[in-house]
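Engineer:
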Amino acid sequence: MRKHSWLVPTLALLAALVLAAAGLCLIQVCSIARQPLTILMYHHIVPDGTQLNAMTVTAQQFAGDMRWLKEAGYTTVLPRELAAGDPLPEKAVLVTFDDGYASNYQYAFPVLQQLEMKAAIAVVGRCVEESDGSFYLTWDMCREMSLSGLVEIGAHSYDLHNLDQRHGLFVPEGPNGIQRLEGETEADCLRRVSEDLERNVRDIEAAVGAPVCYLAYPFGVTEPWAESYIRDRFSLTVTTREGRCDPAEGLYQLPRLGVTAQRTAQDCFSLKSNISLFIKEFSS
Ligand SMILES: [Zn+2]
1 MRKHSWLVPT
11 LALLAALVLA
21 AAGLCLIQVC
31 SIARQPLTIL
41 MYHHIVPDGT
51 QLNAMTVTAQ
61 QFAGDMRWLK
71 EAGYTTVLPR
81 ELAAGDPLPE
91 KAVLVTFDDG
101 YASNYQYAFP
111 VLQQLEMKAA
121 IAVVGRCVEE
131 SDGSFYLTWD
141 MCREMSLSGL
151 VEIGAHSYDL
161 HNLDQRHGLF
171 VPEGPNGIQR
181 LEGETEADCL
191 RRVSEDLERN
201 VRDIEAAVGA
211 PVCYLAYPFG
221 VTEPWAESYI
231 RDRFSLTVTT
241 REGRCDPAEG
251 LYQLPRLGVT
261 AQRTAQDCFS
271 LKSNISLFIK
281 EFSS
């Protein structure tokens with residue numbers, strides 16, 4: 001026995017260290033859960049029974065997500081309300097849609113009307129301009145939703161969403177969205193990005209008759225050379241980085257939680273989700 005006399009204090013010390021680390025992790029997980037604003041990110045909504053991908057949820061799921069939020073006591077807020085400094089409801093959620101699909105009008109808008117919930121839709125100007133309403137929103141659809149007071153139309157660029165041979169998709173080798181082009185000077189980059197976003201904003205404001213204060217970065221990609229202009233031009237911006245946020249700490253480059261078939265709105269508020277956010281934050 002005597003020759004193992006070191007064993008007990010060593011094990012006790014190890015146990016104490018493990019417990020302390022677990023306690024710190026728990027505090028961190030709880031602090032993530034306490035962050036006052038969750039921004040949910042949707043893209044396209046498809047009819048029930050359609051094969052799904054990371055950018056789609058079914059109409060049935062979306063309706064179920066909104067019903068769950070309502071029943072769980074969450075209040076939807078809009079970017080313009082946050083930008084105006086309106087007091088945040090106790091359980092606040094910002095529902096966002098990127099790209100401006102006609103399915104947002106066809107499937108999401110009736111649910112929002114029925115439940116009196118709000119959402120922000122960031123549209124790609126060129127897609128709306130060229131739309132016949134079968135795949136992307138039209139300006140008439142945008143106007144009707146905006147006039148309801150339930151939907152805020154935001155910017156997602158006029159033509160910086162890889163709408164060329166890249167077919168609107170993210171390309172890992174880049175550049176994507178507003179990112180600087182190879183060999184581009186800072187002045188040229190700023191001119192290109194600002195002219196595009198000014199057109200996007202101008203078109204939306206002319207069509208819906210409401211000011212634009214919200215930008216969803218195409219593909220969630222930011223560009224340091226354009227950031228100062230963007231902060232002057234918009235009051236609230238969102239990326240695709242995963243996380244919750246506190247509007248009191250700023251309204252730029254806010255993180256979101258993407259909703260998919262594998263992660264419903266309810267899942268976004270679960271303990272599992274908080275642990276996964278903690279691990280992502282810890283490992284980044
Ligand atoms: Zn997009």
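Just so you know, the numbering used here puts 2 at position 2 of the sequence shown, and the rest follows in order with no gaps. From the three backbone atoms N, C-alpha and C, an ideal C-beta is built for every residue, glycine too.
(1) What are the start and end residues of the beta strand (DSSP E) that includes Leu37?
(2) For Trp68, which residues in the same chain have their Cβ closer than 7 Å to its Cβ, ignoring the five residues on either side in sequence?
(3) Ser129 lies in the beta strand (DSSP E); which residues open and close that run?
(4) When we look at the beta-carbon of Arg34 and count the other beta-carbons within 10 Å, is it buried (16 or more) or exposed?
(5) Look at Gly125 and Arg199 and say whether their C-beta atoms are less than 8 Å apart.
(6) Would you call the CB atoms of Lys118 and Leu88 closer than 8 Å?
(7) Would you call Phe219 buried or exposed, if buried means 16 or more other Cβ atoms sit within 10 Å of its Cβ?
(8) Looking at Pro172 and ligand 1, is the gap between the Cβ and the nearest heavy atom below 7 Å?
(9) With DSSP run on the structure shown, which of helix, strand or coil describes Thr56?
(10) Roughly how many angstroms separate the alpha carbons of Cys30 and Lys272, rounded to a whole number?
(11) Does the region 159-168 come close enough to the region 242-253 that 3 or more CB-CB pairs lie under 8 Å?
(12) Over what stretch of residues does the beta strand (DSSP E) that includes Pro151 continue unbroken?
(13) Confirm the yes/no value for this check: CB of Asp164, any heavy atom of ligand 1, distance under 7 Å.
(14) Inspect the beta-carbon positions of Tyr136 and Tyr107 and report whether they are closer than 8 Å.
(15) Report the three-state DSSP secondary structure of Thr240 (helix, strand or coil).
(16) Could you please give the first and the last residue of the uninterrupted beta strand (DSSP E) stretch that includes Phe97?
(17) In the DSSP output, what is Tyr214 paired with across the bridge?
(18) For the 8 Å Cβ check, are there 3 or more pairs between the region 203-220 and the region 163-177?
(19) Quick one: what's got a C-beta closer than 6 Å to Gly168's C-beta in the same chain, skipping five residues either side?
(20) Going along the chain, which unbroken runs of the beta strand (DSSP E) with 3 or more residues stay wholly within the region 133-178?
(21) Do the CB positions of Thr76 and Val57 come within less than 8 Å of each other?
(22) Could you check whether Val212 and Met41 sit closer than 8 Å to each other, using their CB atoms as the reference points?
(23) Could you give the residue range of the alpha helix (DSSP H) that holds Leu293?
(24) Does at least one heavy atom of ligand 1 sit under 7 Å from the Cβ of Pro218?
(25) Say yes only if the C-beta of Asp98 is nearer than 7 Å to one or more non-hydrogen atoms of ligand 1, and no if none qualify.
(26) Could you work out which residue in Leu115, Ala155, Thr96 is closest to His207 when comparing CA atoms only?
(27) Could you tell me the distance, in whole angstroms, from the CA atom of Leu26 to the CA atom of Ser270?
(28) Within the continuous alpha helix (DSSP H) that includes Phe282, where are the two ends?
(29) List the endpoints of the continuous alpha helix (DSSP H) containing Cys268.
(30) Please report how far the alpha carbon of Glu184 lies from the alpha carbon of Glu173, in whole angstroms.
Structural biologist: Checking against the coordinates, here is how it stands:
(1) If you number the sequence shown from 1, residue 37 lands on position 37. Where Leu37 is concerned, the enclosing beta strand (DSSP E) stretches over 37-42.
(2) Here residue 68 corresponds to residue number 68 of the sequence shown, with the count starting at 1. Ala265, Gln266.
(3) Along the sequence shown, read from residue 1 onward, the residue named residue 129 stands at position 129. Looking at the sequence itself, residue 129 is Glu, so the reference to Ser does not match. Glu129 -> not in any beta strand (DSSP E); alpha helix (DSSP H) instead, spanning 125-129.
(4) Taking the first residue of the sequence shown as position 1, residue 34 is located at position 34. Arg34 is exposed by the Cβ-count criterion.
(5) As a working mapping, residue 125 is identified with position 125 in the sequence shown. As a working mapping, residue 199 is identified with position 199 in the sequence shown. Yes.
(6) Residue mapping note: residue 118 aligns to position 118 of the sequence shown, counting from 1. Residue mapping note: residue 88 aligns to position 88 of the sequence shown, counting from 1. Not in contact: Lys118 and Leu88 (Cβ atoms no closer than 8 Å).
(7) Counting from 1 along the sequence shown, the entry for residue 219 is found at position 219. So Phe219 counts as buried.
(8) Locating residue 172 in the sequence shown gives position 172, counting from the first residue. Answer for Pro172: no, Cβ out of range of ligand 1.
(9) Within the sequence shown, residue 56 is the residue found at index 56, counting from 1. Three-state result, Thr56: strand.
(10) Here residue 30 is taken as the residue at index 30 of the sequence shown, counted from 1. Here residue 272 is taken as the residue at index 272 of the sequence shown, counted from 1. Answer to the nearest angstrom: the Cα atoms are 12 Å apart.
(11) no
(12) Along the sequence shown, one-based indexing puts residue 151 at 151. Here residue 151 turns out to be Val, not Pro, going by the sequence shown. Residues 151-155.
(13) Start at 1 with the first residue of the sequence shown, and residue 164 comes out as number 164. Checking every heavy atom of ligand 1 against the Cβ of Asp164, none is found closer than 7 Å.
(14) Here residue 136 refers to the residue found at position 136 when the sequence shown is read from its first residue. Here residue 107 refers to the residue found at position 107 when the sequence shown is read from its first residue. Contact flag unset, no.
(15) Along the sequence shown, one-based indexing puts residue 240 at 240. The answer is strand: DSSP assigns Thr240 an E or B state.
(16) Here residue 97 is taken as the residue at index 97 of the sequence shown, counted from 1. Unbroken beta strand (DSSP E) run through Phe97: 92-99.
(17) Here residue 214 refers to the residue found at position 214 when the sequence shown is read from its first residue. According to DSSP, which records beta bridges pairwise, Tyr214 is partnered with Leu236.
(18) yes
(19) The residue labelled residue 168 in the question sits at position 168 within the sequence shown. His161, Asn162.
(20) 151-155
(21) For this step, residue 76 is matched to residue 76 along the sequence shown. For this step, residue 57 is matched to residue 57 along the sequence shown. Cβ distance not < 8 Å, so Thr76 and Val57 don't count as in contact.
(22) To locate residue 41, count along the sequence shown from 1; it is residue 41. To locate residue 212, count along the sequence shown from 1; it is residue 212. No. Outside cutoff.
(23) Outside the displayed range of the chain (1 to 284) lies residue 293, so it cannot be described from this structure.
(24) Position 218 of the sequence shown, counting from 1, holds the residue named residue 218. Yes, Cβ of Pro218 sits closer than 7 Å to a heavy atom of ligand 1.
(25) Looking up residue 98 in the sequence shown gives position 98. Because some heavy atom of ligand 1 lies under 7 Å away, the Cβ of Asp98 counts as near it: yes.
(26) Numbered from 1 along the sequence shown, position 207 holds the residue referred to as residue 207. For clarity, residue 207 is Ala in the given sequence; the question names His instead. If we check each option's Cα against that of Ala207, Ala155 comes out closest.
(27) For the purposes of this step, residue 26 is taken as residue 26 along the sequence shown, with counting starting at 1. For the purposes of this step, residue 270 is taken as residue 270 along the sequence shown, with counting starting at 1. Whole-angstrom Cα-Cα distance: 14 Å.
(28) Reading the sequence shown from its first residue, position 282 is the one you call residue 282. Its alpha helix (DSSP H) spans residues 271-283.
(29) Here the question's residue 268 lines up with position 268 in the sequence shown. Run containing Cys268: none; DSSP gives neither H nor E here.
(30) Position 184 of the sequence shown, counted from the first residue, corresponds to residue 184. Position 173 of the sequence shown, counted from the first residue, corresponds to residue 173. Cα-Cα distance, rounded: 16 Å.
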